[in-house]
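Numbering (my numbering), first residue to last: 109 to 394. Think of the CB as a built atom: it goes at the ideal place given N, C-alpha and C, for glycine as much as any other residue. Report on one structure; see the data block that follows.
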Ligand code: C5P
């Protein structure tokens with residue numbers, strides 16, 4: 109086999125809590141991560157060097173692109189003297205809090221393991237993935253999970269639900285490092301109760317899930333970009349029963365109980381923001 113195609117789904121943080129700052133400079137997280145149906149398509153071919161191309165002018169083709177970096181790391185760690193030709197069909201907004209780059213990197217690791225028959229376990233790949241970024245281990249498994257540590261200690265949630273979300277990405281991007289840099293742990297007002305969220309998830313109790321859909325980074329990003337707060341407010345006005353920012357932002361996602369309200373809100377937002385989507389929770393076999 110010389111060529112494989114792997115889907116690379118985006119993720120949402122259904123909840124996001126920061127427990128403290130670590131001696132290594134990262135933050136201790138407790139976040140519920142959910143893969144969604146919005147996805148990139150990654151095609152990889154055997155080659156002699158690493159080459160990255162895409163349909164997006166915003167993506168770099170060198171090691172600044174996490175897909176390139178993943179390939180470099182894979183060959184370094186496995187000792188394979190080989191290369192790969194990577195093509196990224198980009199659908200996930202960039203710099204959006206949706207783990208687009210992380211997901212591409214995980215897809216490259218999965219694809220190379222397959223292409224070069226290196227037989228690394230998912231656990232081995234997840235370890236390699238953490239060297240690329242905190243969200244990359246989650247993207248190896250793509251199972252709804254509580255993530256702790258930097259994001260790599262993953263406890264899958266029991267059962268899988270198909271939830272529909274309206275996702276709005278404002279016309280600007282946010283650097284994760286800047287948001288964490290401005291986070292003052294003493295100023296956090298509302299935190300999610302992840303235990304209560306998981307209980308509600310098990311019972312498929314949407315109202316109690318919504319109560320815990322809180323992201324402690326949201327206040328920081330909203331103070332930098334007030335437009336995110338306005339998007340949230342409009343989503344709630346249009347009938348969402350929960351609207352929350354994903355990751356370090358700026359994307360906001362919302363849950364609706366009534367399909368007609370979801371559609372009306374979609375029509376409203378898509379006329380203002382090109383990157384507006386109706387997405388559902390992702391199931392790996394899709
Ligand atoms: O791991 P990754 O490179 O994706 O993280 C980007 C930035 O986000 C880090 O440089 C750090 O500032 C911040 N971060 C953090 N704690 C985490 C994950 C990310 O402080 N658990």
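Original post:
When the Cα of residue 154 is compared with those of 142, 195, 173, which residue comes out closest?
Top reply: The residue labelled residue 154 in the question sits at position 46 within the chain shown. Selected option, being the one with the closest Cα: 195.
Original post:
Among 201, 215, 123, which has the Cα closest to the Cα of residue 113?
Top reply: Position 5 of the chain shown, counting from 1, holds the residue named residue 113. If we check each option's Cα against that of residue 113, 215 comes out closest.
**OP:** With DSSP collapsed to three states, give me the class of residue 126.
**Re:** To locate residue 126, count along the chain shown from 1; it is residue 18. Note: residue 126 maps to strand in three-state DSSP.
**OP:** Alpha carbon to alpha carbon, how far is residue 187 from residue 141? Give it in angstroms, no decimals.
**Re:** By one-based count along the chain shown, residue 141 stands at place 33. By one-based count along the chain shown, residue 187 stands at place 79. Per the coordinates, the alpha-carbon of residue 141 lies some 32 Å from the alpha-carbon of residue 187.
**OP:** Rounded to whole angstroms, what's the CA-CA distance from residue 307 to residue 344? Just pull it up for me.
**Re:** Mapped onto the chain shown, residue 307 falls at position 199. Mapped onto the chain shown, residue 344 falls at position 236. Approximately 24 Å between the Cα atoms of the pair.
Original post:
Whose C-beta lies closer than 8 Å to the C-beta of residue 225 among residues of the same chain, with five residues either side of it excluded?
Top reply: On the chain shown, position 117 is the one that residue 225 refers to. So the list is empty, once near-sequence residues are dropped.
Original post:
Within the structure, which residues are defined as neighbours of the ligand C5P by a Cβ-heavy atom distance below 5 Å, reported in chain order?
Top reply: Going by the Cβ distance cut-off, the answer is 134, 135, 137, 241, 242, 258, 284, 285, 288.
Original post:
How about residue 146 and residue 376: are their beta carbons less than 8 Å apart?
Top reply: Taking the chain shown and counting its residues from 1, one reaches residue 146 at position 38. Taking the chain shown and counting its residues from 1, one reaches residue 376 at position 268. Cβ atoms of residue 146 and residue 376: not closer than 8 Å.
Subject >> residue 200 to residue 302 span [Cα, whole Å] >> reply: What you label residue 200 is simply residue 92 of the chain shown in a count that begins at 1. What you label residue 302 is simply residue 194 of the chain shown in a count that begins at 1. One C-alpha to the other measures close to 27 Å.
Original post:
Is residue 197 closer than 8 Å to residue 148 when the C-beta atoms are compared?
Top reply: In the chain shown, residue 148 corresponds to position 40, counting from 1. In the chain shown, residue 197 corresponds to position 89, counting from 1. Their beta carbons are under 8 Å apart, which means residue 148 touches residue 197 by this criterion.
**OP:** Starting from the C-beta of residue 231, find all residues in its chain whose C-beta is less than 7 Å away, skip the five residues before and the five after it, and write them out in chain order.
**Re:** Your numbering for residue 231 matches position 123 in the chain shown. Once the five neighbours on either side are set aside, residue 231 has no close Cβ partner at all.
Original post:
Using the beta-carbon count (16 or more within 10 Å), is residue 109 buried or exposed?
Top reply: As a position in the chain shown, residue 109 is number 1, starting the count at 1. Counting Cβ neighbours within 10 Å, residue 109 comes out exposed, since fewer than 16 surround it.
**OP:** For residue 217, name the three-state secondary structure that DSSP assigns.
**Re:** Against the chain shown, residue 217 aligns to sequence position 109. In this structure, residue 217 counts as helix in the three-state DSSP scheme.
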